[in-house]
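Student: Attaching a single structure in C-alpha cells format; questions to follow.
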Amino acid sequence: MAKVFVLGVDGGSFQLINSFVEQGYLPVFQKMIEGGAYGRFVSTVPPHTAPGWTSIMTGVHTGTHGVYQFWKTNGEDYIGGFQGSEDWRSPSLWEILNAYNLKTAVVNVPMTHPPKKLNGFMISWPLSKTLNYSYPRTLLKEVMDAGCRWYPDLYLMYTGQQDYLQKALDITRDRVKTLQYFIQNKEWDLCMAVFPEVDRISHFYWNYMDAGSPYYKEDASLKYAILDIYREVDRAMGKIVELLPKDTLFVSMSDHGFRRGTINFNIDSFLVEKGYMVLNKTDAVVQEQQSGYENNFNWFMTQDHGQGYEVDWGRTKFYIAAPGSYGVNFNLLGRQREGVVRENEKEKLFHQLKKDLLALRHPHKDIPLFVDVVLGEEIYKGKASEYAPDIMLIPYDYGVMVDHHLKPGEIFSEPEQKGMHCRDGYILFYGEGISKGKRIEYSEVTDFLPTLLVYLGIDIPEYIEGKEIDVIETEYRKNIVMRHRIDVAKEPKSAQRSESYSEEERAEIEQRLKGMGYL
C-alpha cells in the first residue's frame, strides 16, 4: 500500500503562494501545482488555528468537534479553561486509521496535547514547559540520540528580538532533519507534521512587506521576511519529497490564510460605552503592577491613567467569549457565576446589540465594520454547539480583529499583529493517482479527511461532515481496493475524560500565547 505524507503549513496563504509562484520564488510549489491538484482550502468561522486544525483532523465542523478557540468560550467563570486533545468530541484521523491497522505518525499538530497512545508515534503541541509531549515517551530521547530535535511551538515566541526571522529559518531546517529521521527509520503508513513558522512571521512582519498596510514600515532587512520563510518551506518540501518512497502521496495544506491587518475593535470597551458592561474602580491591578506582577491575562481587569478597573458582573449584560473568537456571550443567569440576563430578556438584548454593532463604520475606510451579527447557533450546528459563543460578529473582512483588551474610552486601536488570519488557506495533492494540473476551485477544512480515506480505500464514516475533493484520477479510483468496513465510534475514546491543561499551567500558557501573537 502507498504511504501518505502530509505537511501542514500553519497560516499558509493561498494568495501569497499564487503570487510567489508566479514570480518564480517557489519552484517546488510550482512543480507540484503543475503536476498535481491545488486550490483554495477554506477555513472555519472565524479562521483560527484551534478550530482549523481540529476540523482538518476530524472531518467535522466546529459545532461538532467542539474546539472553538484555545479557550472554552462560555464557561461559568467568564475566562474559560484551555483546550487540548481531551476536548475533541469527534474521533481523530489517527483513531480512524488505527482502526484499520494503519500506523500513523502525528507531529506538532495544534490542539493534540496531551499526547495520545496510538498505533504509531506522536509529538504533540504543548503550550507549557514539559518533557511529556511525545508517545511513546522515549521518542524525544530517541530523536536527540539521533542528533535531531523538534522544538515545541513555545520555543518560537516573538518578543521583538532582532534574530526572530533567522531563528524561524533555522528551526524549519531542524524540523526537516528530524522528519528525515522519521521517514527513514520509523514505521508509518501516514505521517503528518505541521510547520508553524509561516504563521508567526506573517503576524509580525506583514507591514514590512505590504506597502498598502496602514502600518507600513520601510526596513530593507525585513522587507522580504515573509518571502524568506515561504522559500524555506518550499526548500523543505523539496527535501521531504526526495526522501519519500516513490509511490508516496504528498499532501500539503494550511489551516487558514493571511491578509493585511487594519484595526482592532475593542469589543468590551464598546460594551462599556453602550452600557452593556459596567466597570468598577479598583486598586488591585495597580497594586499588582507595582509589586512586579502585571495581570495581563484577566482581560476583564485593566488600568487607565493610574486607575484600576474591573468588570461589575452584577450589572453587565454581555462580554467577549474569548480572545480571537469574534464571539460575545450573554452574562446568563444560572450559567455564569454572576449571571444577570434572564432567558426571556435575551431576544430583545440581542437585537439591541446587533443594531448598535451594525451601525459601526471602519475608522480608516468607508465600509461597515460588520456585515452581520448572528446567534452562534446559526453558524455552529452539531452535538457540541452548546459550547459555542452565544453571538457571532461577522466582519466586513478579517483585517478587523475583535479584540479582548479592555481600554476605557478607546473602541479602536492599532493591532499588535499587522498580519491577520483570513479564510483562504491552500491544499495541494501530489503523487500517484492524483489528477495533474487540477485546480480546486473550492474546498473546506473538513474535506481533507474524507478525501484521504477514499484514497486509502476506507469507507467514509457516516458522521463525517466534509466532502471528498475531486482530485483522484478516474482510472486510479477504479483500482482502489476498498478495505473491509469497520464501524468507527462517533465519540473519541478520550472525550472529556479530563482537562487538557492543569490550573498550574495556565499562567505559563498565557505567556506562550502572548508570545505567539494570540494575546
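Under my numbering, the first residue of the sequence shown is numbered 1296, with each subsequent residue one higher.
C-beta: ideal position from N, C-alpha, C; glycine also.
Values in this document were obtained by computation on a predicted structure and should not be read as measured data.
(1) I think Phe1553 touches Cys1717, with their Cβ atoms under 8 Å apart; what is that distance to the nearest whole Å?
(2) What is the DSSP secondary structure of Pro1745, reduced to helix, strand or coil?
(3) For a test of the three-state rule: what should DSSP assign to Gly1842, helix, strand or coil?
(4) What is the rounded straight-line gap between the Cα of Gly1455 and the Cα of Tyr1621?
(5) What is the DSSP secondary structure of Ser1547, counted as helix, strand or coil?
(6) Tell me whether Leu1434 sits in a helix, a strand or coil according to DSSP, three-state version.
(7) How should Val1776 be labelled, buried or exposed, when 16 other C-beta atoms within 10 angstroms of its C-beta is the threshold for buried?
(8) In whole angstroms, give me the CA-to-CA distance for Ile1689 and Ser1423.
(9) Find out if the Cβ-Cβ distance for the pair Phe1645, Val1636 is shorter than 8 Å.
(10) Would Lys1713 pass as a contact of Trp1501 if the rule is Cβ separation under 8 Å?
(11) Counting pairs of beta carbons, one from the region 1393 to 1404 and one from the region 1466 to 1483, are three or more of them closer than 8 Å?
(12) Is DSSP giving Leu1664 helix, strand or coil here?
(13) I'd like the list of long-range same chain contacts for Pro1333, defined as Cβ closer than 6 Å, with 5 residues on each side in sequence excluded.
(14) Between the C-alpha atoms of Phe1613 and Asp1692, what's the straight-line distance to the nearest angstrom?
(15) Tell me where the alpha helix (DSSP H) around Asp1465 begins and ends.
(16) Under a three-way DSSP split, which group does Ser1708 fall into?
(17) Could you spell out the range, first to last residue, of the beta strand (DSSP E) harbouring Ile1689?
(18) Please identify the residue among Leu1652, Phe1365, Leu1539 and Val1323 whose C-alpha is closest to the C-alpha of Tyr1571.
(19) What are the complete beta strand (DSSP E) segments, minimum 3 residues, inside the region 1329 to 1360?
(20) Taking all protein chains shown into account, decide if Asn1396 is buried (16 or more other Cβ within 10 angstroms of its Cβ) or exposed.
(21) For Asp1765, count neighbouring Cβ atoms within 10 angstroms of its own Cβ and tell me buried if that reaches 16, exposed if not.
(22) Taking three-plus beta-carbon pairs below 8 Å as touching, is the region 1719 to 1739 in contact with the region 1307 to 1318?
(23) Quick one: grab the DSSP three-state call for Gln1318.
(24) Give the single residue among Tyr1725, Leu1701 and Lys1541 whose Cα lies nearest to the Cα of Ser1564.
(25) Enumerated in chain order, which unbroken segments of the beta strand (DSSP E) with a length of 3 residues or greater are wholly contained in the region 1369 to 1453?
(26) Kindly give me the distance between the Cβ atoms of Thr1467 and Ala1531, rounded to whole angstroms, as I take these residues to be in contact under 8 Å.
(27) Who are the near neighbours of Asp1578 in its chain, counting only those whose CB is closer than 7 Å to its CB and skipping five residues on each side?
(28) Where does Thr1611 fall in DSSP's three states?
(29) Reducing DSSP to helix, strand and coil, say where Asn1313 ends up.
(30) Quick check on the burial criterion: 16 or more other C-beta atoms within 10 angstroms. Buried or exposed for Thr1433?
(31) Measuring alpha carbon to alpha carbon, tell me which residue in Thr1746, Leu1748, Val1740 and Gly1370 is nearest Val1355.
(32) The beta strand (DSSP E) that contains Val1362, what's its start and end?
(33) With distances taken from CA atoms, which of Gly1533, Tyr1459 and Ser1350 is nearest Ser1516?
(34) Considering only their Cβ atoms, is the gap separating Ser1419 from Pro1410 smaller than 8 Å?
(35) How many Å lie between Ser1314 and Leu1522 at the Cα?
(36) Pull up the DSSP beta-bridge partners for Met1696, would you.
Tutor: The answer reads as follows:
(1) Against the sequence shown, residue 1553 aligns to sequence position 258. Against the sequence shown, residue 1717 aligns to sequence position 422. So it is a contact: roughly 6 Å between Cβ atoms.
(2) Counting from one through the sequence shown, the residue named residue 1745 turns up at place 450. Of the three classes helix, strand and coil, the one that applies to Pro1745 here is helix, per DSSP.
(3) In the structure displayed, the chain extends from 1296 to 1814; residue 1842 sits before or after that span and is not available.
(4) Translated into the one-based positions of the sequence shown, residue 1455 becomes position 160. Translated into the one-based positions of the sequence shown, residue 1621 becomes position 326. Distance between the alpha carbons of Gly1455 and Tyr1621 is about 27 Å.
(5) On the sequence shown, position 252 is the one that residue 1547 refers to. Here Ser1547 sits in strand by DSSP.
(6) Locating residue 1434 in the sequence shown gives position 139, counting from the first residue. If DSSP states are grouped into helix, strand and coil, Leu1434 belongs with the helices.
(7) The residue you call residue 1776 lines up with position 481 of the sequence shown. So Val1776 counts as exposed.
(8) Counting from one through the sequence shown, the residue named residue 1689 turns up at place 394. Counting from one through the sequence shown, the residue named residue 1423 turns up at place 128. Computed Cα separation, rounded: 32 Å.
(9) Locating residue 1645 in the sequence shown gives position 350, counting from the first residue. Locating residue 1636 in the sequence shown gives position 341, counting from the first residue. Cβ distance not < 8 Å, so Phe1645 and Val1636 don't count as in contact.
(10) Walking along the sequence shown from the start, residue 1713 turns up at place 418. Walking along the sequence shown from the start, residue 1501 turns up at place 206. Yes, these two residues count as a Cβ contact at 8 Å.
(11) yes
(12) Here residue 1664 refers to the residue found at position 369 when the sequence shown is read from its first residue. Here Leu1664 sits in coil by DSSP.
(13) As a position in the sequence shown, residue 1333 is number 38, starting the count at 1. Checking the displayed sequence, the identity of residue 1333 turns out to be Tyr instead of Pro. Closer than 6 Å at the Cβ level, and outside the excluded window around Tyr1333, lie Leu1723.
(14) Reading the sequence shown from its first residue, position 318 is the one you call residue 1613. Reading the sequence shown from its first residue, position 397 is the one you call residue 1692. Near 23 Å, if we compare the C-alpha coordinates of Asp1692 and Phe1613.
(15) For the purposes of this step, residue 1465 is identified with residue 170 of the sequence shown, where counting begins at 1. Counting along the chain, the alpha helix (DSSP H) containing Asp1465 begins and ends at Tyr1459 to Asn1480.
(16) Within the sequence shown, residue 1708 is the residue found at index 413, counting from 1. In this structure, Ser1708 counts as strand in the three-state DSSP scheme.
(17) Sequence index remark: in the sequence shown, residue 1689 carries index 394 (1-based). Note, Ile1689: beta strand (DSSP E), Ile1686 to Pro1690.
(18) Against the sequence shown, residue 1571 aligns to sequence position 276. If we check each option's Cα against that of Tyr1571, Leu1652 comes out closest.
(19) 1332 to 1337
(20) Residue numbering aside, residue 1396 sits at position 101 when the sequence shown is read from its first letter. The residue is exposed, with fewer than 16 neighbouring Cβ atoms inside 10 Å.
(21) What you label residue 1765 is simply residue 470 of the sequence shown in a count that begins at 1. Result: exposed.
(22) yes
(23) The residue labelled residue 1318 in the question sits at position 23 within the sequence shown. If DSSP states are grouped into helix, strand and coil, Gln1318 belongs with coil.
(24) As a working note, residue 1564 is residue 269 in the sequence shown. It is Leu1701.
(25) 1399 to 1402 and 1415 to 1418
(26) What you label residue 1467 is simply residue 172 of the sequence shown in a count that begins at 1. What you label residue 1531 is simply residue 236 of the sequence shown in a count that begins at 1. Thr1467 to Ala1531, Cβ: 6 Å. Contact.
(27) Against the sequence shown, residue 1578 aligns to sequence position 283. Taken in chain order, the residues that qualify are Gly1603.
(28) Mapped onto the sequence shown, residue 1611 falls at position 316. Here Thr1611 sits in coil by DSSP.
(29) Along the sequence shown, one-based indexing puts residue 1313 at 18. In the structure shown, Asn1313 sits in a helix (DSSP, three-state: H, G or I).
(30) Counting from one through the sequence shown, the residue named residue 1433 turns up at place 138. With fewer than 16 other Cβ atoms within 10 Å, it is exposed.
(31) In the sequence shown, the residue the question calls residue 1355 occupies position 60. When each option's Cα is compared against that of Val1355, the closest is Val1740.
(32) Residue 1362 sits at position 67 when you count from the first residue of the sequence shown. First-last for Val1362: undefined, no H or E at that position.
(33) Locating residue 1516 in the sequence shown gives position 221, counting from the first residue. Selected option, being the one with the closest Cα: Tyr1459.
(34) Residue mapping note: residue 1410 aligns to position 115 of the sequence shown, counting from 1. Residue mapping note: residue 1419 aligns to position 124 of the sequence shown, counting from 1. Yes, Cβ-Cβ distance for Pro1410 and Ser1419 is below 8 Å.
(35) Locating residue 1314 in the sequence shown gives position 19, counting from the first residue. Locating residue 1522 in the sequence shown gives position 227, counting from the first residue. Each residue's alpha carbon lies about 10 Å from the other.
(36) On the sequence shown, residue 1696 is found 401 positions in, with the first residue counted as 1. In DSSP, Met1696 forms a bridge with Asn1559.
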